[in-house]
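Residues in the sequence shown are numbered consecutively from 3, following my numbering.
C-beta: ideal position from N, C-alpha, C; glycine also.
Note that the structure is predicted; figures quoted are calculated from it, not measured.
Worksheet: one structure, shown below.
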Amino acid sequence: MIPNLSVVIPVYNEEDVLPELFARLYPALDALNTPYEVIFINDGSKDRSAGMLLEQQRIRPNETRVVLFSGNFGQHSAIIAGFAHVRGEVAVTLDADLQNPPEEIYKLLVAYREGFDYVGSIRDMRRGDAWWRGAASKMINVVREKTTKIKMTDQGCMLRAYSRRIVDLVNQTREVRTFIPALAYTFAIHPTEVVVAHAERAAGESKYSFYQLLRLNFDLMTGFSLLPLQMFSLLGMAVAVGSVITYLGLMAYRMFTLPFWDAMRALLDRDILQFFLTGMVLFGLGIVGEYVGRIYLQVRDRPRYVIDRVVEQTDAALPTGANDIPSARNLA
């Protein structure tokens with residue numbers, strides 16, 4: 003039976019949380035009374051996650067598919083791989099950490115059935131996140147809305163629903179580095195957002211460090227807008243012209259109001275301004291380098307991910323050593 007709903011879940015080192023995820027996810031989906039499939043993408047996990055996913059596929063073979071990566075390629079590459087295997091008319095992305103409860107999926111489907119082709123989500127109250135994550139998220143939302151045309155109230159929430167048309171369009175893109183919710187938003191005709199519950203991680207720690215979050219938001223801004231380059235070009239011209247005018251004005255003022263050598267020493271005080279301008283130049287080069295780096299990654303045309311194998315109903319054999327994991331049969 004062809005599923006109506008496809009749930010895509012990237013997994014990376016989540017052995018501690020997978021038992022509870024299985025125990026809550028399948029009953030929540032069964033309650034929807036619609037044919038569904040769950041696509042787990044193992045993103046090169048180094049723990050027992052792969053074996054646990056394959057065991058769950060044995061338990062629920064009709065509804066479960068497992069995509070095994072050969073290494074770690076990142077969350078968004080995992081989602082793209084999941085989209086490539088989606089068979090349903092609507093796809094829902096969900097993090098494996100249970101911070102977005104699977105019981106909230108129905109809210110997205112309600113909105114989808116009302117005619118919206120892209121359904122984002124807003125966490126009603128963020129729990130378990132460090133204070134700086136919330137502050138940084140608000141700041142980044144402001145910057146993103148100023149630099150792009152993408153309107154997302156809560157870009158960090160991965161619980162989202164996408165129509166089949168959007169999934170197909172995402173599959174047609176060849177971008178090496180991207181941000182899936184933003185990319186999908188650019189293809190949406192009738193987007194909307196719904197409020198969903200949020201909880202602390204069921205187990206383990208966030209896989210996103212401060213640097214990775216910064217890297218992700220650089221991808222977001224430089225991948226969907228040229229405004230940073232344009233703004234810095236305008237700023238550079240304004241600073242250059244302003245510096246020349248200011249310098250000439252101050253030099254003339256000091257030459258006429260101070261003794262000659264005092265005037266010369268005073269002019270040297272402006273060396274501090276050079277440090278500021280040097281910093282501005284380096285920052286500008288960094289922005290240019292970001293765009294050049296994206297071009298470099300793109301022209302190499304390397305695959306965004308490498309699949310070891312896909313385990314479906316007709317191929318549920320466990321790899322060597324996977325039988326050592328605890329049975330999850332009592333969780334489904």
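Just to confirm before moving on: does the CB-CB distance between I82 and I168 stay below 8 Å? Within the sequence shown, numbered from 1, the residue matching residue 82 stands at position 80. Within the sequence shown, numbered from 1, the residue matching residue 168 stands at position 166. I168 sits away from I82, with the two beta carbons spaced by 8 Å or more.
Member of E65, T66 and N6 whose CA lies at the smallest distance from the CA of V92: Position 90 of the sequence shown, counting from 1, holds the residue named residue 92. The residue with the shortest Cα to Cα distance from V92 is N6.
Look up D317 in the DSSP assignment and say whether it is helix, strand or coil. Within the sequence shown, residue 317 is the residue found at index 315, counting from 1. Because D317 sits at a pLDDT of 47, beneath the cut-off of 50, its placement in the model cannot be relied upon, and the point is left open.
How many angstroms separate the CA atom of Y249 from the CA atom of Q276? Residue mapping note: residue 249 aligns to position 247 of the sequence shown, counting from 1. Residue mapping note: residue 276 aligns to position 274 of the sequence shown, counting from 1. Between Y249 and Q276, the C-alpha separation is close to 12 Å.
Run through DSSP, which three-state label would N173 get? Position 171 of the sequence shown, counting from 1, holds the residue named residue 173. Residue state, collapsed to three classes: helix.
Is it the case that the region 47 to 60 contacts the region 293 to 308, given that we only count it when at least three CB pairs across the two stretches are under 8 Å? Segments in contact, no.
Could you say which of L100, H200 and V172 lies nearest to I11 if we only look at CA atoms? In the sequence shown, residue 11 corresponds to position 9, counting from 1. Closest option to I11, Cα to Cα, is L100.
Please find out if some non-hydrogen atom of the ligand FAD comes closer than 7 Å to the beta-carbon of D156. With respect to small molecules bound, the structure shown includes none, and the ligand FAD cannot be examined in it.
So, at 6 Å on beta carbons, what are the nonlocal neighbours of A86 in its own chain, with the 5 sequence-adjacent residues on each side left out? Position 84 of the sequence shown, counted from the first residue, corresponds to residue 86. Correct list, in chain order: N173.
Among G122, L70 and S79, which has the Cα closest to the Cα of G158? Locating residue 158 in the sequence shown gives position 156, where the first residue counts as 1. Cα-wise, what sits closest to G158 is G122.
Short check: CB of S165 to CB of R89, under 8 Å? Against the sequence shown, residue 165 aligns to sequence position 163. Against the sequence shown, residue 89 aligns to sequence position 87. Cβ atoms of S165 and R89: not closer than 8 Å.
Would the beta-carbon of E106 fall within 8 Å of that of E65? Position 104 of the sequence shown, counting from 1, holds the residue named residue 106. Position 63 of the sequence shown, counting from 1, holds the residue named residue 65. No; because the gap between Cβ atoms is not below 8 Å, this pair is not in contact.
According to DSSP, I168 sits in a beta bridge with which residue or residues? As a working mapping, residue 168 is identified with position 166 in the sequence shown. BP columns for I168 are empty, so no partner.
Ends of the beta strand (DSSP E) at E39? For this step, residue 39 is matched to residue 37 along the sequence shown. Where E39 is concerned, the enclosing beta strand (DSSP E) stretches over Y38 to N44.
Take A376 as the anchor and find which of F71, Q77, P104 and I61 has the nearest alpha-carbon. This structure cannot settle anything about residue 376, because the visible part of the chain is limited to 3 through 334.
Quick one: is Y255 near chain D, going by C-beta distance under 8 Å? Of the protein chains in the structure, only one exists, and it is not chain D.
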